[in-house]
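Protein chains in written order, with the numbering used here: chain A, 1 to 342; chain B, 1001 to 1447.
Just below is one structure, and these are the notes that go with it.
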Amino acid sequence: MQFGRGKPSAGAFLDSDFVSMDSVLALSLLYGMQAKNDCRVAMLAMSRSDLKTAGYLDLVNRFYHGPSGNFNQLQPVGMPTVGKPGQTPEPFVAVFDRKKADGAPVYHNQVKRVIETGDPNTLFRNYLEAQYDQNAFFVLAGPATNMISALDFRGMKDLLTAKVKYLVFADPEGNGKLDPAAAKRLFAEWPTPIVTVGADIGAAFPFPAASFDKEFKAVEDHPVADAYRAWKSLPADLPAPGLAAALYGARPKEGYFKISDPGTFKAQDDGKPVFTAGAQGKHQYLIADPAQKEKIEKAYVELASAKPAPPQRFRPPNAADKKADPANKVIVEPAKEPPKEP
Amino acid sequence: MITKKKLSRRTLLRGMGSAAIALPFLDAMSPAMAATTKMPVRMAFFYVPNGMILDGWNPNYEGKLQELPRALKALEPFRDDMIHLGNLTHNTGRALLDGAGDHGRCCGSYLTGIQVKKSMVEIKNGISFDQIVANRIGKQTRFPSLELGMEDARQAGDCDSGYSCAYTNNLAWRNETQPLPPILDPRALFERLFGTGLPMTPEERVRQSKYRRSILDFVTQDTHKLESTLGPTDRRKLDEYLSSIREVERQIARAENDNAQIDPKMDKPYGIPADFAEHFKMMSNMMAIALQADQTRIVTFLMTREGSSRPYRELGIPDGHHPLTHHRNQAELMEKVRMINAYHVQQFASFIEKLKSTKEGDGNMLDNSMIVYGAGLSDGNAHTHEDLPTIIVGKGGDNYIKTGRRMLVRRETPMCNLFLTMMDRMGVHDVENFGDSTGKLEGLDLS
Chain A
1 MQFGRGKPSA GAFLDSDFVS MDSVLALSLL YGMQAKNDCR VAMLAMSRSD LKTAGYLDLV
61 NRFYHGPSGN FNQLQPVGMP TVGKPGQTPE PFVAVFDRKK ADGAPVYHNQ VKRVIETGDP
121 NTLFRNYLEA QYDQNAFFVL AGPATNMISA LDFRGMKDLL TAKVKYLVFA DPEGNGKLDP
181 AAAKRLFAEW PTPIVTVGAD IGAAFPFPAA SFDKEFKAVE DHPVADAYRA WKSLPADLPA
241 PGLAAALYGA RPKEGYFKIS DPGTFKAQDD GKPVFTAGAQ GKHQYLIADP AQKEKIEKAY
301 VELASAKPAP PQRFRPPNAA DKKADPANKV IVEPAKEPPK EP
Chain B
1001 MITKKKLSRR TLLRGMGSAA IALPFLDAMS PAMAATTKMP VRMAFFYVPN GMILDGWNPN
1061 YEGKLQELPR ALKALEPFRD DMIHLGNLTH NTGRALLDGA GDHGRCCGSY LTGIQVKKSM
1121 VEIKNGISFD QIVANRIGKQ TRFPSLELGM EDARQAGDCD SGYSCAYTNN LAWRNETQPL
1181 PPILDPRALF ERLFGTGLPM TPEERVRQSK YRRSILDFVT QDTHKLESTL GPTDRRKLDE
1241 YLSSIREVER QIARAENDNA QIDPKMDKPY GIPADFAEHF KMMSNMMAIA LQADQTRIVT
1301 FLMTREGSSR PYRELGIPDG HHPLTHHRNQ AELMEKVRMI NAYHVQQFAS FIEKLKSTKE
1361 GDGNMLDNSM IVYGAGLSDG NAHTHEDLPT IIVGKGGDNY IKTGRRMLVR RETPMCNLFL
1421 TMMDRMGVHD VENFGDSTGK LEGLDLS
């Protein structure tokens, strides 16, 4: 699904603290939708200054994106250099310990220093500038720390207003508490509509972990499945507000969820948001529709376990194309299978 | 040499007609304080087109510069005078929403940090940062800035996928719509530096050529008068300086003789030698003289236009440079590009040698300069705009730049951050943002 003709699929910006498999699966799901040309993963940022997690995310990025090529450069992971690094989830480190039969590591960590990551604000700015107007969305599955930093970045508010259609905020109650001041400012100042995905949605539509041993097996060395297997204490059904946010972000009209009437969220001092209905408000929240459970679960598994496919190249239609093609269709080049990670 | 009477920094050797020769920095210009006099800081940009073969450009190490990669071999003697920067990015060179045309964009935005308008007729860019500096400090020198080049000064037409040649053929921009076209002809540059500042008419040129007189002949009287007031060190310095001007004159005359089949009344390319190295030598020698005499402190030098398809037959390469860079990883083509990359640096190194060997105060001219050599594309085959090939040779005065090392900055760090830092170093301290800068470049001086 696309936002409009003559544009590429929407650019997805994922920002999270990446302390759970839910956020990683949200990234997998976005890449799965990229393979179906439903969105393009424009940028990935973490809100903690944790190099080990950044190294794992870079691995996942490389796994899905394949090596950089002409007009197809792999972007660095955004990571702030200030703030608390937090605890690195052990599985993100453990995947690099996996060895092949000959003793060589299955995966290589290519992010060992801060310079191998990017400044989130610079990356937001650079990759937003490459999006068509109203053809990008943000998925926020962590504290709003980076979002607020972006608001204070030169020229960013105008850029967000022009380029971003909406921000989908996963688990605003839990994530709001992680940085209450940021949550307050996010709801008060973020220039685009915000749709929240409560913890109840995450609990109502969990990710079936059994799929890691079924559908994910189609790829022998899968860094997401490997991280799950290394994560010993996870339940069979993973609460998945981040996945729901990513799914809604790229497919808002697919009917997976019901949505509230407009209103306004205001975060309290502890970061917990309170909603006040009002037709002029630009905030909404998703409502679980039990009838969609099977459809959602199927989408989660199918998209998150999709085989890697590099981004398709979008060629902007020029004036001659527009004349020749009244439908002004998107021109894409066929996806090629990326070479395997060395 | 210490004298009682101070010679003005702006002293000119004047002669008949329009001849006027600015002087290099002499001890007599700062008597009794020669050792503590602050030398002017200069900055220059040498731009090479079509990106690089990066395995020949980037060292595979960080920190202290050791053996230099193949493309940079000619700069080995100046290893301790240069800093090799990695990861600087020009986002405005990328397609963003404008499709093909990386060559047009990367050169157009190189010094402006602005996403140029994709058009052949409606030119829109921004002021380049060298011109911001020139506007601010340019009054202190005869020329606020000099713009030099070696190939194709066309300002109109399509030079890359709908981008005007104005973008591929200029580095310096006075404002949004007005590029400052480079001087390509050595004779025109000579006349600009040692005449009224304006190129001679074809008729004047013919007249001077007829009498075959050196510009030094016109200022003989003034020269003798000045020499009588100078100490031995200054006399030697002046003699070397005037000899270098004479040598440039001879080079130009030789090139003009070689081009004798071309109508002398033809404005261009009257004195442009066919040989790349010879052309570069003339232009860069005059550039060095201009910097030495403080005629300007700001120079941009487009070695060849962006997207250049110049063949390098002198290297046994009859293929065009640009087509070669679309090598699709074919070893034979890549090897040719590596040779061209190294050849360009080889020429550049001869200019650096000249600055290094020119004494100035307690050091040399290179110590008081920031000479950037770089490209607007990194991988010419992939047309990438991150990790742009960039070195700075020279210490920027007062040992400001900690040279002799390879410094990697954070990925996607805007190139404009470097420009902001250089502006500051050139005396423009109140510019907070330029292009897409996010702040000054940290770590250049380790302060």
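We treat Cβ as the ideally placed atom computed from N, Cα and C, and that holds for glycine.
The count of Cβ pairs closer than 8 Å, one atom from the segment 193-204 of chain A and one from the segment 216-229 of chain A, stays below three, leaving the stretches out of contact. Burial check for residue 1083/B: the Cβ neighbour count within 10 Å reaches 16 or more, so the residue is buried.
Bounds of the alpha helix (DSSP H) holding residue 296/A are 293-304. Cβ proximity to chain A below 9 Å picks out 1086, 1087, 1089, 1091, 1092, 1094 and 1095 from the segment 1079-1095 of chain B. About 7 Å separates the beta carbons of residue 46/A and residue 77/A, which is inside the 8 Å limit, making them a contact pair. For residue 1292/B, the nearest beta carbon of chain A is not closer than 9 Å to its own beta carbon. Residues of chain A with a Cβ closer than 8 Å to the Cβ of residue 1409/B are, in chain order, 115. For residue 285/A, the uninterrupted beta strand (DSSP E) segment begins and ends at 283-287. Within the segment 1420-1434 of chain B, the residues whose Cβ lies closer than 8 Å to some Cβ of chain A are 1433, listed in chain order. Restricting attention to alpha helix (DSSP H) runs no shorter than 4 residues, the segment 1118-1190 of chain B encloses them at 1129-1137 and 1165-1168, ordered along the chain. Using a Cβ-Cβ cut-off of 9 Å, residue 130/A is close to 1091, 1094, 1095, 1096 and 1097 of chain B, given in chain order.
Against residue 76/A, the close residues of chain B are 1411 and 1412, in the order they occur along the chain (beta-carbon pairs closer than 8 Å).
Interface with chain B (9 Å Cβ-Cβ cutoff): residue 68/A is included.
Under the three-state reduction of DSSP output, residue 118/A falls in the strand class. Secondary structure at residue 1344/B: helix, using DSSP grouped into helix, strand and coil.
Secondary structure note for residue 1412/B: its beta strand (DSSP E) is the uninterrupted segment 1405-1414. The continuous stretches of beta strand (DSSP E) do not include residue 1276/B, which lies in the alpha helix (DSSP H) extending over residues 1276-1292. Secondary structure of residue 1303/B (DSSP, three-state): coil. Taking one beta carbon from each stretch, the segment 1019-1027 of chain B and the segment 1290-1301 of chain B have 3 or more pairs nearer than 8 Å; the two touch. Contacts with chain B at 9 Å (Cβ-Cβ) do not include residue 109/A.
Contiguous beta strand (DSSP E) elements confined to the segment 71-145 of chain A occur at 136-141, taking only those with 3 or more residues.
Remark: C-beta atoms of residue 1089/B and residue 1115/B do not approach each other more closely than 9 Å.
Flagged as an interface residue toward chain A: residue 1384/B, by a C-beta distance shorter than 9 Å. Note that the segment 1179-1193 of chain B does not touch the segment 1223-1231 of chain B; fewer than 3 beta-carbon pairs, one per stretch, sit closer than 8 Å. Rounded to the nearest angstrom, the Cβ distance from residue 1044/B to residue 1301/B is 7 Å, consistent with a contact under 8 Å. When the five nearest sequence neighbours on each side are left out, the beta carbons in the same chain lying within less than 8 Å of the beta carbon of residue 1317/B are those of 1311, 1324, 1336, 1339 and 1340, in order along the chain. Nearest CB-CB separation between residue 125/A and chain B: below the 9 Å threshold. Here residue 1255/B has 1271 and 1273 as same chain residues with Cβ atoms under 6 Å from its own Cβ, once five neighbours each way along the sequence are excluded. With a contact defined as Cβ atoms closer than 8 Å, residue 1123/B and residue 1164/B qualify at about 6 Å. Contact of residue 268/A with chain B is not assigned, every C-beta pair being separated by 9 Å or more. According to DSSP, residue 264/A shares a beta bridge with 276/A. Taking all protein chains shown into account, residue 1288/B has 16 or more neighbouring C-beta atoms within 10 Å of its C-beta and is therefore buried. Ranked by Cα distance from residue 1250/B, the first of 1224/B, 1305/B and 1186/B is 1186/B.
Excluding its 5 nearest sequence neighbours in each direction, residue 143/A has C-beta neighbours in its own chain below 7 Å: 17, 47, 175, 178, 179 and 182, listed in chain order. Under the DSSP assignment, residue 203/A falls in the alpha helix (DSSP H) whose first and last residues are 199-204.
Taken through DSSP and simplified to helix, strand or coil, residue 1039/B comes out as coil.
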